Amino acid sequence: MAMAATVKVVLGSFAFAIFWVLAVFPAVPFLPVGRTAGSLLGAMMMVLFRVLTADQAYAAIDLPILGLLFGTMVVSVYLERADMFKYLGKLLSWKSQGGKDLLCRVCVISAISSALFTNDTCCVVLTEFVLKIARQNNLPPQPFLLALASSANIGSSATPIGNPQNLVIAVQSKISFGKFLTGILPAMLVGIVVNTAILLGMFWNLLSIEKDEEVVSVGEAVVEEDMNSHRFSPATMSHVTSLNSQEWSSALDDMQASNAVNVESTRHSSAPWDGVGTPQRKEEGASTNRYGRIVMQSSQISGPNQSSDEKEGSIEKWKRLLWKTCVYLITIGMLVALLMGLNMSWTAITAALALMVLDFKDARPCLEKVSYSLLIFFCGMFITVDGFNKTGIPSTLWDFMEPHAQIDRVSGISVLALVILVLSNVASNVPTVLLLGARVAASAASISPVEETKAWLILAWVSTVAGNLSLLGSAANLIVCEQARRAQFYGYTLSFWGHLRFGFPSTLIVTAVGLFLIRG
Numbered sequence: 029m030a031m032a033a034t035v036k037v038v039l040g041s042f043a044f045a046i047f048w049v050l051a052v053f054p055a056v057p058f059l060p061v062g063r064t065a066g067s068l069l070g071a072m073m074m075v076l077f078r079v080l081t082a083d084q085a086y087a088a089i090d091l092p093i094l095g096l097l098f099g100t101m102v103v104s105v106y107l108e109r110a111d112m113f114k115y116l117g118k119l120l121s122w123k124s125q126g127g128k129d130l131l132c133r134v135c136v137i138s139a140i141s142s143a144l145f146t147n148d149t150c151c152v153v154l155t156e157f158v159l160k161i162a163r164q165n166n167l168p169p170q171p172f173l174l175a176l177a178s179s180a181n182i183g184s185s186a187t188p189i190g191n192p193q194n195l196v197i198a199v200q201s202k203i204s205f206g207k208f209l210t211g212i213l214p215a216m217l218v219g220i221v222v223n224t225a226i227l228l229g230m231f232w233n234l235l236s237i238e239k240d241e242e243v244v245s246v247g248e249a250v251v252e253e254d255m256n257s258h259r260f261s262p263a264t265m266s267h268v269t270s271l272n273s274q275e276w277s278s279a280l281d282d283m284q285a286s287n288a289v290n291v292e293s294t295r296h297s298s299a300p301w302d303g304v305g306t307p308q309r310k311e312e313g314a315s316t317n318r319y320g321r322i323v324m325q326s327s328q329i330s331g332p333n334q335s336s337d338e339k340e341g342s343i344e345k346w347k348r349l350l351w352k353t354c355v356y357l358i359t360i361g362m363l364v365a366l367l368m369g370l371n372m373s374w375t376a377i378t379a380a381l382a383l384m385v386l387d388f389k390d391a392r393p394c395l396e397k398v399s400y401s402l403l404i405f406f407c408g409m410f411i412t413v414d415g416f417n418k419t420g421i422p423s424t425l426w427d428f429m430e431p432h433a434q435i436d437r438v439s440g441i442s443v444l445a446l447v448i449l450v451l452s453n454v455a456s457n458v459p460t461v462l463l464l465g466a467r468v469a470a471s472a473a474s475i476s477p478v479e480e481t482k483a484w485l486i487l488a489w490v491s492t493v494a495g496n497l498s499l500l501g502s503a504a505n506l507i508v509c510e511q512a513r514r515a516q517f518y519g520y521t522l523s524f525w526g527h528l529r530f531g532f533p534s535t536l537i538v539t540a541v542g543l544f545l546i547r548g
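One gets the numbering used here by counting positions in the sequence shown from 1 and adding 28 to each.
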């Protein structure tokens, strides 16, 4: 594609630069409007500067990607309501053998859950629990937070629903869910092992403490107390105060009732008289009042009510269990449908609607948890990136790089991976995929169809693992950092340099190892 007119190139580059600054630095001092507003601003400038027409801007929005993203977010909300992440938290602490064992579990569970429920969701739900179990066992939080974020990124590379850039690649390349999974899964599995080994090597001494054996008991307590109350937001721990006040109120009422019964029973220890001449028969568990009347104990009076409450509670428990089972079955059905090659967007939306109908109540509370700001961000980003492509700059740069980035030789794969790695950390991974995807695939298709599929999978692998390079490399890293910083009583600040010291070598090694295992 030839370069556009000079005016269009300058104005389009300016609009893209504004988008890039606000996407990478959402709190920039001169315009702290955030990523979502920044993407809309970039899109609007592309239309105002006539880099794109209004119709071209609307056409640039990829609805299948938005549908797939929306559907997976809704399914994740219902899975969280069905206690899926609570069970994952329990699995972390079940019969744990110490800090090193716990670190390995965090890596494995984070990788698997992020592949199925997206890496951002995994980090939102598990960060605070991982932080608390580390704090309560005198374990350093840093290795566990790094394990959670890095493993979530690596694990999410294995499926099209693992992260946003994979959604884009799966829709644009039309690679089936099963082919995508089998092509990257070996690299993901080996990558998790290598990443875990690097973490253990860096933090071996810090994890070798004598309090390791207490992880089991304390961890299970943390799961019961905190995972139930955690609902896709930082825990406030206010539930502890409210529960204690209710327990004290209930205890005081019981004590007052017990004292009243004891006073009445001690005033008349002899056989009561009914005032007519016939002694009353005293039932077991009964007492008499000051006039000799028999008074039943409160426990006997409330017996039928207690039995009724227990019966209702048992029915509700079984209803809840049945509902949770159906949620899991629908989710499994969605994954099976994806593996069978059905349309990914409509499969995810169908599963989301099935869960809403199954819930049989107003879906508004669950729909309010969907990140609409992310969907709007994607809309603005599609328009902005398409406008930047219209300037001809990306095509000109790729024409210069293409002879050195052919994937039919090792040197070409290395150059391509390095370009993706740098761009993913400079321009973010999703814009990188939008800018490079079609060009990389077209270049590989000229070699063979197999190489085209491999090129898409290499792009998915490198752009995802590149998020581990620095703290700003992916949204999952930032989520873990912010969740840990804002956690009450257990707060921890994960610094940029502390992350880079681990992220830089880990990213290079894991990326290089995985490239040899990608299969087209």
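Virtual Cβ for every residue (Gly too), placed ideally from N, Cα, C.
This one's a predicted model, so the numbers in the text were calculated from it and none came from an experiment.
Query, Result
"Length of the line joining the Cα atoms of Trp525 and Gly531", "9 angstroms"
"Inter-residue spacing [alpha-carbon to alpha-carbon] between Gly501 and Pro171", "18 angstroms"
"Residue ranges of each alpha helix (DSSP H) within the segment 446 to 532, 4 or longer", "457 to 473, 477 to 493 and 503 to 514"
"Cβ distance (whole Å) where Ala43 is taken to contact Gly70 below 8 angstroms", "5 angstroms"
"Cα-Cα separation, Ala88 to Val199", "14 angstroms"
"Beta-carbon spacing of Trp484, Ala469 below 7 angstroms", "yes"
"Val35 to Ala445 span [Cα, whole Å]", "33 angstroms"
"Entirely enclosed alpha helix (DSSP H) segments - the segment 67 to 100, minimum 4 residues", "82 to 88"
"Burial state of Gly369 (16 or more Cβ within 10 Å)", "exposed"
"Chain-order list of residues whose beta-carbon lies under 8 angstroms from that of Pro168 (same chain, five-residue window excluded)", "Ala162, Phe231, Leu234 and Leu235"
"Simplified DSSP state of Phe58, which is helix, strand or coil", "coil"
"Cβ neighbours of Ala82 in the same chain (closer than 8 angstroms, five flanking residues each side left out)", "Val75"
"Member of Ser523, Arg392 and Leu50 whose CA lies at the smallest distance from the CA of Val454", "Leu50"
"Where Asn417 falls, given that 16 or more other Cβ within 10 Å makes a residue buried", "buried"
"Cut-off 6 angstroms between Cβ atoms - residues of its own chain near Gly211, not counting five sequence neighbours on either side", "Leu485 and Arg547"
"Identity of the residue in Lys482, Thr492 and Phe410 nearest Val450 by Cα", "Thr492"
"Stretch pair the segment 384 to 395 + the segment 405 to 415: three plus CB contacts closer than 8 angstroms", "no"
"Own chain partners of Ile537 with C-beta closer than 8 angstroms, once the 5 adjacent residues on each side are dropped", "Val222 and Ile226"
"Nearest-angstrom beta carbon gap, Ser138 and Leu154 [assumed within contact, 8 angstroms]", "7 angstroms"
"Terminal residues of the alpha helix (DSSP H) in which Ser184 lies", "Pro169 to Ser184"
"Cα-Cα separation, Lys339 to Ala382", "30 angstroms"
"Close Cβ partners of Phe410 (< 7 angstroms) along its chain, the five nearest in sequence each way excluded", "Ala88, Ile89 and Asp90"
"Outcome for His527 when other beta-carbon atoms lying within 10 angstroms are tallied against a minimum of 16", "buried"
"Bounding residues of the alpha helix (DSSP H) (the contiguous stretch that carries Met409)", "Tyr400 to Lys418"
"Contact check, Ile448 vs Val490, beta carbons under 7 angstroms", "yes"
"Buried versus exposed call for Thr353 [16 or more other C-beta atoms within 10 Å across all chains shown]", "exposed"
"CA nearest to the CA of Met31, picked from Leu363, Gly415 and Val218", "Gly415"
"7 angstroms Cβ cutoff met for Gly183 and Ser142", "yes"
"Sequence-distant residues of its chain with Cβ nearer than 7 angstroms to Ser330 (five each side left out)", "Because the pLDDT of Ser330 is 48, which lies under 50, any placement of that residue in the model is unreliable, and the question is left without a value."
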